[in-house]
Each structure stands twice: as C-alpha cells, then as structure tokens.
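Sequences listed follow chains D and X, in order.
In terms of the numbering used here, the first sequence opens at residue 522 and continues consecutively.
In terms of the numbering used here, the second sequence opens at residue 522 and continues consecutively.
Positions of the beta carbon are idealized from the N, C-alpha and C atoms, including for glycine.
Predicted, not measured: the structure shown is a model, and the values here were computed from it.
Number of protein chains: 2
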Amino acid sequence: MKSAPALPDAYEAIFTALAHPARRRILISLNFAGGAMSAGQIAGLFGHAWPTTTRHLQLLEAAGLIEHRREGRTRLYRLHAPRLALARDWLAWFERDPATAEEKDDGTGPAPVPIEHRSRQS
Amino acid sequence: MKSAPALPDAYEAIFTALAHPARRRILISLNFAGGAMSAGQIAGLFGHAWPTTTRHLQLLEAAGLIEHRREGRTRLYRLHAPRLALARDWLAWFERDPATAEEKDDGTGPAPVPIEHRSRQS
DNA sequence: GGATTATTTAGCCTATTCGCTAAATAACGC
DNA sequence: GCGTTATTTAGCGAATAGGCTAAATAATCC
C-alpha cells in the first residue's frame, strides 16, 4: 500500500491494471487461492515468459491491488481487496439515480466523484 | 451496443475505457446530466482539443459504455449503464469469500469469472 | 447560396505498454 | 563451495494510446 497512488490517480492505476486479461486472471487466482501465491505459481498460470508476469505483478502492486512479502527466495503475493473496493464504489455511482443518490449521501458513496472533478483536467 | 465487444473482451475494453480520467469524467457527467449531452457539451468539459474528446467518445462507445444518436448536426451521447454493471459485477466477486460465493451462486454474480478463465490465455 | 456552426476524420508525433531474451542477484541444497 | 532454483532487472522492438493541427463533411441560419 505504501506505493499506491493517491486518489484520484488511484482510479487510473486501478482501472489500467484491470484492463489487461493476464492481470485480471492474477487477481482472480489470488482471490480463489485465499491466502497467497508465489511468483512462480502465478507465472505458471500463463504461457508467456516469467518476466512478463513480473511486469504485470509490479503494475498490480503499484496500483495497490496486491502486495508481496519474501519468504527466503520465494516471493508471496496476496490480494489487497480494499483497493478493488475503491473501483467498485466508483462504479456503484452509476446504479443510482443521481437525484436519489444525493439524498442518500452517507459520506462513503459519493466521495470518489467530486474528487475526480477536481483532478487536473484543465 | 451493436459494436460492443463480446465477453471477455468486453472487460478489457471497459476497464481500458475507465482507465483514463477524461473518460471517467465523461461518464460521470453523462450520469449527472441524466438524459444526454451533445458532443460539443462534452468537449466543453475539457481544455483539450475537441478531436481528442471525439477519440475518447469513440473508445467509450466501442466499449459499449455510451451510445449516440444524431439530431441534425448535433450528436447526442448517453450512458449505457448495463455495461458499467458488468464491470461492477466482475468486481463484486472480490467482496465475497470464495467458498460462500459458490454457495450463494444465483446465476448473476459468478458469471464473469469462469468465462474469464476460458479466455485465450494459453 | 454562402457563411457559420457542429462534428468527425486524417495524419503526425511522442510516450507508454507489453511482449521477448539475456543477464543479474540471491536463496537453497548437497 | 558449487550447482540449482526463484525471481527480478535490463534492454530491445513492435504496437498502441493520446495529444495535436488541418481538412473534410454535413447541418443550420440569414
């Protein structure tokens, strides 16, 4: 998490990370694994070269979606679900009528949206 | 919708679309507009050149997230929320314990995940 | 009908992504 | 200590993304 970008850059990092099928598969596999998977195990999911997987893992970690710890020469990766929840929450805005969404503002749902408006778009 | 990619390519298109801040802003603005916005109105949200906005709109439309109709020389764009729901549902998998998720399979939630596993990853 | 307006298309350019192979680094086992 | 194994780093190259300006196309207005 220490390298995860601050909002709203986080959205860009997260959605970018989710945009590649290999990276989605990594997330799915980590989720199903429940605990952690080694880099080698993850690399074994794919037919492509291991360094390619390393690249993907680095990007997922930079986005804050996964994290790793070392155990000897093995690197164990695991999911960081709160980051995924960020994306989910952002998307949750679109299942509500904007008028009712404002009435139901509980301080958690609408947070992503105004911050996005204030991003460097000028 | 007629040009929207089939699953699981849809995920790539959708998350890619969401990865750029300008495109997220377009979606947010369309959502708040409630009905539709013209290309010019959308372009007016940004300081960048109008053709850049056109590019973003084309990508959003290819991903099935928005659609347009013509009214004379004006092009009106509107949100296609079911596509966003796809992404949300995919992400919804990560808020559940995998074991309980299988027990609660109602035919809507888990659909994105197995299809992803069958994608061309070999 | 010509000028104005709405919008896209075409093409250029720079930066980034994502695949690869080779090399490097470190841990492990005998 | 040396060979093996786990993993990343470095660098290359092709493809793509995303910005731009100029030009094109079509609708609208006077």
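Of the listed residues D/A554, D/R594, D/L551 and D/R546, nearest to D/G568 (C-alpha basis) = Walking along the first sequence from the start, residue 568 of chain D turns up at place 47. Out of D/A554, D/R594, D/L551 and D/R546, D/R546 has the C-alpha closest to the C-alpha of D/G568.
In terms of residues, what are the limits of the beta strand (DSSP E) holding X/H589?
-> To locate residue 589 of chain X, count along the second sequence from 1; it is residue 68. It spans I587 to E592 - the beta strand (DSSP E) in which X/H589 sits, taken as one unbroken run.
When DSSP labels each residue in this structure, what does X/L566 get in the three-state scheme?
-> As a position in the second sequence, residue 566 of chain X is number 45, starting the count at 1. In the structure shown, X/L566 sits in coil (DSSP, three-state: anything other than H, G, I, E or B).
In the DSSP assignment, find the alpha helix (DSSP H) that holds X/A543 and state where it starts and stops.
-> Working through the second sequence from its first residue, we reach residue 543 of chain X at position 22. Counting along the chain, the alpha helix (DSSP H) containing X/A543 begins and ends at P542 to A554.
Check whether the Cβ of X/A560 lies closer than 8 Å to any Cβ atom in chain D.
-> For the purposes of this step, residue 560 of chain X is taken as residue 39 along the second sequence, with counting starting at 1. False, the Cβ-Cβ gap to chain D never drops below 8 Å.
Answer yes or no: do X/R599 and X/L539 have a C-beta to C-beta separation smaller than 8 Å?
-> In the second sequence, counting from the first residue as 1, residue 599 of chain X sits at position 78. In the second sequence, counting from the first residue as 1, residue 539 of chain X sits at position 18. Contact: no.
Rounded to a whole number of angstroms, what is the C-alpha to C-alpha distance between D/T537 and D/G593?
-> In the first sequence, the residue the question calls residue 537 of chain D occupies position 16. In the first sequence, the residue the question calls residue 593 of chain D occupies position 72. Each residue's alpha carbon lies about 31 Å from the other.
State yes or no: is the C-beta of X/F615 within less than 8 Å of the C-beta of D/L605?
-> Residue 615 of chain X sits at position 94 when you count from the first residue of the second sequence. Residue 605 of chain D sits at position 84 when you count from the first residue of the first sequence. Yes, they are a contact pair.
Listed in chain order, which residues of the segment 599 to 614 of chain D have Cβ atoms closer than 9 Å to some Cβ of chain X?
-> L600, A602, L605, A606, A608, R609, W611, L612, A613 and W614
Between D/I549 and D/L607, is the Cβ-Cβ spacing less than 8 Å?
-> Counting from one through the first sequence, the residue named residue 549 of chain D turns up at place 28. Counting from one through the first sequence, the residue named residue 607 of chain D turns up at place 86. Contact: no.
Along the chain, where does the alpha helix (DSSP H) that runs through D/H577 open and close?
-> Residue mapping note: residue 577 of chain D aligns to position 56 of the first sequence, counting from 1. Here the alpha helix (DSSP H) through D/H577 covers W571 to A583.
Under a CB-based cut-off of 8 Å, is D/L539 close to chain X?
-> Here the question's residue 539 of chain D lines up with position 18 in the first sequence. Yes, contact with chain X.
Assumed close pair X/A531, X/G585 - CB separation to whole angstroms, cut-off 8 Å = Mapped onto the second sequence, residue 531 of chain X falls at position 10. Mapped onto the second sequence, residue 585 of chain X falls at position 64. Going by Cβ atoms, the distance from X/A531 to X/G585 rounds to 7 Å, so yes, they are a contact pair.
What are the residues that DSSP puts in a beta bridge with X/T595?
-> The residue labelled residue 595 of chain X in the question sits at position 74 within the second sequence. BP columns for X/T595 point to X/E592.
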